[in-house]
Amino acid sequence: MLLLRRLGFEVRRQRSAVPAAGRGVVVTRGVVPAGAVCAWYPGTVYLPGDPLLLASIGNQFVFACADGVHVDGRGGGLSGLLFGSCAGRDHMGPYPAADRSWRTELPANPLAVGQFVNNQSPGFPSNVRYQEVDLPAVPYPLRRYLPYAWYRARVPPPMRAVVLVAQRDIRAGEELFANYFTVVHDS
């Protein structure tokens, strides 16, 4: 409800309209205006050279950024364990280093569902695009709201984030679809 009041829309994971696609992300209430961020692609952030091989085997949730950074958005299995370990390692006193709830059915950040956005296909055209964003230094008390953890310890800012941006107005009842091969990089 808060998201609807603040942003004018809500998105949720639901069964996809694409046959055999599993789950997708649907606008359940309101309208996502063109140009608005409508989802975050959460996960463990790997810099070029970080050991991603084992976590990537059979993993369809590894997002490759234009500059060689990868975001592993799989919430379970080895990927989920690595995210939990990295987020736990980086906490600062009472402050969590990341929002871990994106790996559950009810994420604290309701936009942290970007890993479930399905690829466009005939009959289901793209209505969102991926946008790489480098976030400036985020104070530790606020990092608890970001669904990202670095694989490598003590990486200086900026923090890499990947968000999905609406290409047009998207109304309640519509599913989000992206072109998996279109990424816009913003430094």
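Be aware that the sequence shown starts at 1, since it is given in the UniProt record's numbering, and climbs by one per residue. Built from N, CA and C at the ideal position, the CB exists for glycine as well.
Out of Cys38, Ala34, Ala36 and Asp72, the CA that lies nearest to the CA of Pro51 is found in Asp72. The beta carbon of Asp90 sits closer than 6 Å to those of Ala97, all from its chain and outside the five residues before and after it, given in chain order.
Rounded to whole angstroms, the Cβ separation of Ala36 and Ala166 is 5 Å, and the two are in contact under 8 Å.
In terms of CA proximity to Ala161, Val138 leads the group Asp169, Arg23 and Val138. When secondary structure is reduced to three states using DSSP, Tyr46 falls in the strand class. For Val133, the CB contacts under 8 Å within the same chain, skipping 5 residues up- and downstream, are Arg160, Ala161, Val162, Val163 and Asp186 in chain order. Taking C-alpha positions only, Arg103 is separated from Pro122 by approximately 30 Å. Residue environment for Ile57: exposed (fewer than 16 other C-beta atoms within 10 angstroms of its C-beta). The secondary-structure analysis by DSSP pairs Ala161 across a beta bridge with Val133. The three-state secondary structure of Tyr148, taken from DSSP, is strand.
The Cβ atoms of Pro94 and Ser101 do not sit closer than 8 Å to each other. Beta-carbon to beta-carbon, Gln14 and Arg23 are separated by about 7 Å, close enough to satisfy the 8 Å threshold. Spatial neighbours of Pro157 in its own chain (CB-CB distance under 7 Å, excluding positions within 5 residues in sequence) are listed in chain order as Pro136 and Ala137.
Counting of Cβ neighbours within 10 angstroms places Leu53 among the exposed residues, the total staying below 16.
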